[in-house]
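Going line by line, the protein sequences match chains Z and G.
So for the first sequence, the numbering used here puts the first residue at 7; every next one is plus one.
So for the second sequence, the numbering used here puts the first residue at 7; every next one is plus one.
Beta carbons are placed, not taken as given, at the ideal position from N, Cα and C, and that holds for glycine.
Read the structure below first, then the notes.
Protein chains: 2
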Amino acid sequence: MQKQESLSKNQQIIFDFIEKAKEPLKAYSILFNVQKKGIKAPLQVYRALDKLVEIGKIHKIESRNAFIACKNSNCEVSNATIFSICNKCENVSEINNLKLSKYLTNFEDDTGMQYNKYNLEFFGLCKKCKAK
Amino acid sequence: MQKQESLSKNQQIIFDFIEKAKEPLKAYSILFNVQKKGIKAPLQVYRALDKLVEIGKIHKIESRNAFIACKNSNCEVSNATIFSICNKCENVSEINNLKLSKYLTNFEDDTGMQYNKYNLEFFGLCKKCKAK
DNA sequence: TACACAATGTTATATTATAACAATTAATTA
DNA sequence: TAATTAATTGTTATAATATAACATTGTGTA
């Protein structure tokens, strides 16, 4: 059985497209763009996206319903993500801050709940938009 | 002009319903349940939800597309939310941890971006589900 | 009272995502 | 290598989530 060392055909097509992009992509925008590669249906896209998220090659920006390639090798292990989102230009970037990620990974509340995953999204104005 | 000290009719109906609920509610489930109160269209629900989120009376659980009443008076000021989500029973609760929220509110990365809002969702198994 | 703006009502439609089922491909193991 | 098992694919239909556009009504304030 495939051990996810390599991606399947559709997964590879979709990952390549997301990785090349500079901003998070929406599922139907991906669909539109990979139709020339033979991917015709939403479900083909969503299945690949699900898998890619699962194995940590991409992340979903929940507040935007969009997908972005992982730039942080740690994520593949931890399933933990931290993003910075500009509310004006919609620029999204992954925050790679060891101190913060450690803090969150080790976080325990008083309920005895055990966390194996978290997703954090920071919103604000990026440097460029602030200057305007 | 109304200063949001009081809610409008639709806002109040929808807030009351969400506040009574013990779990996060989806927009169309809210719609179905408030139809007897005269709210007939999705847009009426979404408009009220938008406003209630904006003024901090409710929060959106982004990963679930669901809405929950705020149990933390600080949120109304800060727009900062931290949730704990059980992946099995789907129980969601707001984490009220001053140390963590301060840490996040004061967080600065090296991009010079200024954050005025964040949303954090922790995932795992709650005590009950872990025991099973 | 007149103005400005928030909120409402309504219809239509856009966007995001999954169900269900059949067929195929790839790794495992007997 | 044949049989087995699981992942992946293909396809059609449909469910679930959310917004556009426009007309109207309510409410606070100058």
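When we look at the beta-carbon of residue i and count the other beta-carbons within 10 Å, is it buried (16 or more) or exposed?
i, result
"L49(Z)", "exposed"
"F128(G)", "buried"
"K136(Z)", "exposed"
"F89(G)", "buried"
"K9(G)", "The predicted position of K9(G) is uncertain, since its pLDDT is 38 and thus under 50; no value can be drawn from it."
"S107(Z)", "buried"
"I19(Z)", "buried"
"Q41(Z)", "exposed"
"A47(G)", "exposed"
"K66(Z)", "buried"
"L126(G)", "buried"
"E29(G)", "exposed"
"K134(G)", "exposed"
"K63(Z)", "buried"
"E25(G)", "exposed"
Chain G beta carbons: is any one of them nearer than 9 Å to that of residue i?
i, result
"F129(Z)", "yes"
"L126(Z)", "yes"
"Y52(Z)", "no"
"K9(Z)", "In this prediction, K9(Z) has a pLDDT of 33, which is less than 50 and means its spatial position is unreliable; what the coordinates show is noted afterwards. Closer than 9 Å: no."
So which residues on chain Z does residue i lean against when the C-beta distance must stay under 7 Å?
i, result
"D115(G)", "S90, I101, N103"
"E68(G)", "E68, S69"
Would residue i count as contacting chain Z if we go by Cβ distances under 9 Å?
i, result
"L58(G)", "no"
"N78(G)", "no"
"K123(G)", "yes"
Starting from residue i, find everything on chain Z with Cβ-Cβ shorter than 8 Å and list it in chain order.
i, result
"C132(G)", "T117, M119"
Could you list which residues in chain G have their beta carbon closer than 9 Å to that of residue i, in chain order?
i, result
"K136(Z)", "G118, M119, Q120"
"Y109(Z)", "L106, Y109"
Name the one or two DSSP bridge partners that residue i has.
i, result
"A141(G)", "It is not possible to answer for residue 141(G), since the shown part of chain G is limited to 7 through 138."
"Q120(Z)", "L131(G)"
"N125(Z)", "T87(Z), E127(G)"
"V98(Z)", "I91(Z)"
"L31(Z)", "F73(Z)"
Notebook entry, point to check: So, do the region 45 to 62 of chain Z and the region 89 to 105 of chain Z have three or more beta carbon pairs nearer to each other than 8 Å?
Noted result: With a cut-off of 8 Å, the region 89 to 105 of chain Z and the region 45 to 62 of chain Z do not count as touching, because too few Cβ pairs lie within range.
Would you check if there are 3 or more beta carbon pairs closer than 8 Å linking the region 108 to 123 of chain G to the region 114 to 124 of chain Z? Verdict: no, contact absent.
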